[in-house]
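Scroll down for the structure; my scribbles are underneath it.
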Amino acid sequence: MSGPALRRWRWVHRWSSIVCTLFLLILCLTGLPLIFDEEIDRALAPSTRPAVAASAMPLDAMVTEARRLHGGERVRIVIPHPDTASVQISTAPGADDPYDRLHQTSFAADGTLLRDGAAPADAVMGVLLQLHASLLTGLPGEIFLALIGLIFLAALVSGVVLYAPFARRLGFGEIRRTGSRRLRWLDLHNVIGIVTLAWAGVVGATGVMNGLATPLFGIWQLRDVAPVLAPYAHDAAIIPTAPLSSAITAATSTVHDSEVSFVTFPTHLYGSPDHYVVWVKGRSKLRAQMLTPVLVDARDGHVAFVARMPWYLRALELSRPLHFGNYGGPILKILWAALDVFTIAVLCSGLYLLMSHPRSRRAAGPRDSEARRLVEGEA
Amino acid sequence: MSVWIGPAAMASVSVAGLVGALLIEGPIGDGLGVIGLGIPSLVLLVFLFRGR
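Structure below.
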């Protein structure tokens with residue numbers, strides 16, 4: 001590669017790294033506890049109950065009890081958790097109140113009340129998740145972080161291009177024990193960066209996808225869902241008369257080999273005023289990542305519409321486990337966390353290299369000149 | 001080309017493990033994920049230990 005081309009790649013690597021490093025540090029630090037979200041929940045609210053299928057839980061009685069506990073509030077979301085044999089029911093005064101104003105109630109699979117209020121870790125983990133997903137600024141933050149993700153991918157690509165002239169002089173994984181401190185940091189940066197490259201690339205690319213989730217769902221709703229719901233748009237959100245359990249049975253019978261993930265009650269907010277939206281998922285490891293919303297009439301319990309997801313939302317759903325690392329057991333999570341820490345090391349070493357960069361060849365001492373030659377690939 | 005053998009091997013193992021763990025059910029899938037990320041992590045630890 002010619003000298004000018006190499007300098008252009010150096011420029012891309014330096015500036016893409018400068019732009020995204022601070023945000024990536026926030027993402028790596030907040031992502032670390034989020035990897036162990038389920039384990040933290042279980043540690044704070046331990047459960048020894050054996051797993052129970054959602055179909056075996058008295059969901060209708062729980063819905064009635066949740067409304068009674070909250071003075072007749074509207075039920076908004078029901079989430080069965082078969083693994084922990086529990087059900088989470090969210091209520092709000094109105095059917096169209098924002099989703100951040102919900103009251104949570106948890107029941108055991110036999111219908112006994114477990115907790116009236118949010119889980120102990122929800123407040124802290126919720127803030128961490130919002131910080132990680134949107135820097136606490138909602139949709140603008142999500143789009144901004146997707147852009148940061150793209151810049152991070154540019155930093156990775158330019159880093160790979162710059163790796164070749166570096167590696168020509170050293171063996172794979174070699175960290176020099178002699179020379180300046182800057183050279184050791186440069187070697188560390190290059191070695192950790194190149195070994196963790198694929199993981200960082202996958203997490204970065206899937207992070208971009210996740211950052212675009214809200215606009216992608218919006219496109220789908222406008223193009224595919226809104227026309228179907230148009231006849232109901234002006235109806236008031238009804239209180240369902242069809243039992244929730246029969247709506248779930250109808251939905252899972254309609255979609256082959258599926259089970260319920262969660263149900264939203266009639267609302268104008270991301271739902272229908274006349275229907276339950278039963279979100280079902282497949283039973284296999286791969287298909288469990290893919291949700292299908294089934295609209296079930298909340299008056300008579302018949303299936304009105306199965307909303308098939310377009311390819312870009314399927315891609316988004318498949319990108320989620322590859323971003324969160326929550327699909328391969330606890331050891332995979334520990335390795336995911338280790339690679340997160342290695343990425344923090346790459347970012348910190350990059351910052352050090354940037355701050356210790358010799359300002360000019362004339363001002364640089366002999367050892368800095370050596371570092372500069374190696375970075376630039378000069379003979 | 002020899003410059004790329006090590007990085008390409010690490011990237012192939014990582015991607016195969018990540019995708020295999022998503023596609024294959026049960027302990028075999030989980031094991032693929034652990035191998036996919038475990039090998040690069042181990043190799044990195046060896047490099048860091050050697051360069052200490």
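Protein chains in written order, with the UniProt record's numbering: chain V, 1 to 379; chain S, 1 to 52.
Glycine included, C-beta positions come from ideal geometry on N, C-alpha and C.
For residue 327 of chain V, the nearest CB of chain S lies under 9 Å from its own CB, placing it at the interface with that chain. Setting aside the 5 residues that flank it on each side, residue 111 of chain V is surrounded in the same chain by 57, 58, 61, 62 and 65, each with a C-beta closer than 8 Å to its C-beta; the list follows chain order. It is roughly 8 Å from the alpha-carbon of residue 12 of chain V to the alpha-carbon of residue 154 of chain V. With respect to the 9 Å criterion, residue 33 of chain S and residue 34 of chain V are not classified as neighbours on the basis of their beta carbons. In the DSSP annotation of this structure, the continuous segment of the alpha helix (DSSP H) that includes residue 68 of chain V starts and ends at 59 to 69. Taking C-beta atoms under 8 Å as the contact rule, residue 197 of chain V and residue 160 of chain V qualify, at a distance of about 7 Å. Remark: three or more beta-carbon pairs, one from each stretch, lie closer than 8 Å, so the segment 335 to 343 of chain V and the segment 34 to 43 of chain V are flagged as touching. Within the same chain, Cβ atoms closer than 7 Å to the Cβ of residue 101 of chain V are found at 92, the five residues on either side in sequence being excluded. Here residue 99 of chain V is exposed, its C-beta having fewer than 16 other C-beta atoms within 10 Å. Counting the other Cβ atoms within 10 Å of the Cβ of residue 145 of chain V gives 16 or more, which makes it buried.
Take the alpha-carbon of residue 267 of chain V and the one of residue 105 of chain V: they are about 19 Å apart. The beta-carbon separation of residue 307 of chain V and residue 276 of chain V, rounded to 13 Å, does not stay under the 8 Å limit for a contact. With fewer than three CB-CB distances shorter than 8 Å, the segment 244 to 262 of chain V does not count as touching the segment 188 to 205 of chain V. Looking at the DSSP output, residue 282 of chain V sits in a beta bridge with V:258. With a threshold of 16 other beta carbon atoms within 10 Å, residue 191 of chain V meets it and is buried. At a cut-off of 9 Å between beta carbons, residue 199 of chain V contacts chain S. Here residue 16 of chain V has 151, 154 and 155 as same chain residues with Cβ atoms under 6 Å from its own Cβ, once five neighbours each way along the sequence are excluded.
Look at residue 122 of chain V here: in three-state DSSP terms it is helix. Judged by beta-carbon spacing, residue 75 of chain V lies beyond the 9 Å limit of residue 54 of chain V, meaning their Cβ atoms are not closer than that value. Here the segment 40 to 54 of chain V makes contact with the segment 119 to 127 of chain V; the two share three or more CB pairs at distances below 8 Å. At least one CB atom of chain S sits nearer than 9 Å to the CB of residue 321 of chain V. Taking a contact to require three or more Cβ pairs closer than 8 Å, the segment 313 to 324 of chain V and the segment 273 to 293 of chain V qualify as touching. Listed along chain S, the residues sitting closer than 9 Å to residue 285 of chain V by beta-carbon distance are 21, 22, 23, 24, 25, 26 and 29.
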